[in-house]
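Here is the structure we will look at, set down as C-alpha cells.
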Amino acid sequence: MRAAVSLFRNHLSRIHAEALPREYYGESTMPRCRFMQYTRPMDAQKRLGMVSEDGTKMVELSNITCAAPDMIQFIHQRYCMDSLLDSVQYMDVQEVGEDVVLLPPINAPSKIIGVGCNYLDSCDEQHQSVPREPAFFVKFNTSIIGALDNIRAHNIAKRIDYGCQLAVVIGKQCRHVPRISAMSCVFGYMLAQDITARDWQALLGGQVMLGKSLDTFCPLGPVLVHKIHMPDVNNLWIKTFVNGQERQSGSTRNMIFKIDYLIHRLTQFMTLCPGDIILTGTPAGSGAYLKPSTFLKPGDLVESEIQNLGKMRNKVVNPYA
1 MRAAVSLFRN
11 HLSRIHAEAL
21 PREYYGESTM
31 PRCRFMQYTR
41 PMDAQKRLGM
51 VSEDGTKMVE
61 LSNITCAAPD
71 MIQFIHQRYC
81 MDSLLDSVQY
91 MDVQEVGEDV
101 VLLPPINAPS
111 KIIGVGCNYL
121 DSCDEQHQSV
131 PREPAFFVKF
141 NTSIIGALDN
151 IRAHNIAKRI
161 DYGCQLAVVI
171 GKQCRHVPRI
181 SAMSCVFGYM
191 LAQDITARDW
201 QALLGGQVML
211 GKSLDTFCPL
221 GPVLVHKIHM
231 PDVNNLWIKT
241 FVNGQERQSG
251 STRNMIFKID
261 YLIHRLTQFM
271 TLCPGDIILT
281 GTPAGSGAYL
291 KPSTFLKPGD
301 LVESEIQNLG
311 KMRNKVVNPY
321 A
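First residue of the sequence shown: 1, per UniProt numbering; consecutive thereafter.
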C-alpha cells in the first residue's frame, strides 16, 4: 500500500508548478481546479477532491454546499466553480494518506470520441497523406480504468497497441458550435491512453469499435485539470515508455485538426454533453508502426505522460489476473 501511495504522489507531482498562477495557492500551497476522484477502503464511497501540485496534499469537496458526488455531476453544476474558487482557501487540507485509492477522473461519460491519424508525424510513419477531414471513432465507457490500474490482455486480441493522447473534457451541452467559440465548451484536460486491438481494428474491413472498446482499453488520469491552468494546449509534449524504453515523443503542435475544429465538426452531427471525452490523436511511435511491429504482452509496463497533466503507470496483465 505504501508503494502505491508513493506512485500516486509521484504521478500527480508531474503537473508543473509554473502552470499555476501564484494566486491559486493558499497558505498550504494548495492549487485550485486540479480534480481527482478517489475512494477509501473503509467505505468504498466515491469522492471528489482537489490535489496539490506535489501530490502530497488534498482537499475533499464533499463538504462544500454545491459539491456533487462525482466529476460529471460537478461539471453540470458550472455555477459552482466560482463558489469553489472562493472557498478553497478555507477548506481543511489533508495529507494524501495511504488509504486514498485513485479512481479515473471521469468514469461514465455519455461519449468517448477519438480521432485517427491526427498527427503529422503519425501520418508520415504510416505513409498516409494528410487527411482532409478527421476520422472519428468511439470507445465505450466500460473501457475506462485509472492511472495506476492494470490493462488486461484479452485472449480474443493478439495485437494490443498503445497511443498516448490529450483528452478534452466537455464542460457544457453544445450543438452547432462555431469554431470561433468552440473552446468555450471545454471544461478541462486529462491524460489518456487509447489502447487498441490492431487485429480487430483491421478485421473484415475494419472492426474499429470492437478493437477500441475492450475492457480496460482506456486508461485516464491521474487528474482532470481545468482549462484555466492550460493556456497553451497546442504546444504540449507527449511521451510513452514501455518497460522503460521511450516509444513516443511528440507534441500537440503537430496535431492536424485542432481542438476547436474537432468540437465544431462533431457538434454539426451530435450534441456533446458535460463530461464527454474527445481523444485528440496520438503522435508517431505506436507499436504497430515500429520495425518490426511490437505489441503489448502480459508483464509489460506502459508509462504515459503529457506536459502539465501528470503521468500514468499501467501494467499489462493476463486476461483474468
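Beta carbons are placed, not taken as given, at the ideal position from N, Cα and C, and that holds for glycine.
No experiment lies behind these values; they were computed from the predicted model shown.
Checklist entry - Cβ of residue 331 within 7 Å of Cβ of glycine 221? => result The structure shown does not extend to residue 331, since the chain spans only 1 to 321, so no value can be given for it.
Item to check | Buried versus exposed, by CB contacts within 10 Å (16 or more), isoleucine 238 | outcome: buried
Item to check | Counted within 10 angstroms of its Cβ, other Cβ atoms place isoleucine 160 as buried (16 or more) or exposed | outcome: buried
Item to check | Separation of phenylalanine 137 from lysine 311, as counted between CA atoms | outcome: 25 Å
Item to check | When Asp121, Phe140 and Lys139 are compared against proline 131, the one with the closest alpha-carbon | outcome: Asp121
Checklist entry - What first and last residue would you give for the alpha helix (DSSP H) that runs through glutamine 173? => result That residue, glutamine 173, is in no alpha helix (DSSP H); it is neither H nor E in DSSP.
Next on the checklist: For aspartate 149, count the other beta carbons within 10 Å of its own beta carbon; 16 or more makes it buried, fewer makes it exposed. Which is it?
Outcome noted: buried
Checklist entry - To which residues of the same chain is alanine 284 closer than 6 Å at the C-beta, ignoring the five residues directly before and after it? => result Asp121, Ser122 and Glu125
Next on the checklist: Just to confirm my understanding: we take asparagine 314, look at its own chain, exclude 5 residues before and 5 after, and list those with CB closer than 6 Å. What are they?
Outcome noted: Ile151, Pro219 and Val302
Item to check | For alanine 182 and tyrosine 320, the rounded distance between their alpha carbons | outcome: 42 Å
Checklist entry - Between the Cα of leucine 102 and the Cα atoms of Gln37, Ala44 and Ser129, which residue gives the shortest distance? => result Gln37
Checklist entry - Using a Cβ-Cβ cut-off of 6 Å (strictly less than) and excluding sequence neighbours within five positions of isoleucine 259, which residues of its own chain qualify? => result Val168
Item to check | C-alpha distance - glutamine 73 paired with aspartate 199, whole-angstrom precision | outcome: 37 Å
Next on the checklist: I'd like the span of the beta strand (DSSP E) that includes lysine 212, first residue to last.
Outcome noted: Not the beta strand (DSSP E): lysine 212 falls in the alpha helix (DSSP H), residues 208-212.
Checklist entry - Is it right to say isoleucine 156 is buried, meaning 16 or more other beta carbons lie within 10 angstroms of its own, or is it exposed? => result exposed
Item to check | Minimum C-alpha distance to leucine 290 - residue among Pro231, Thr267 and Arg247 | outcome: Arg247
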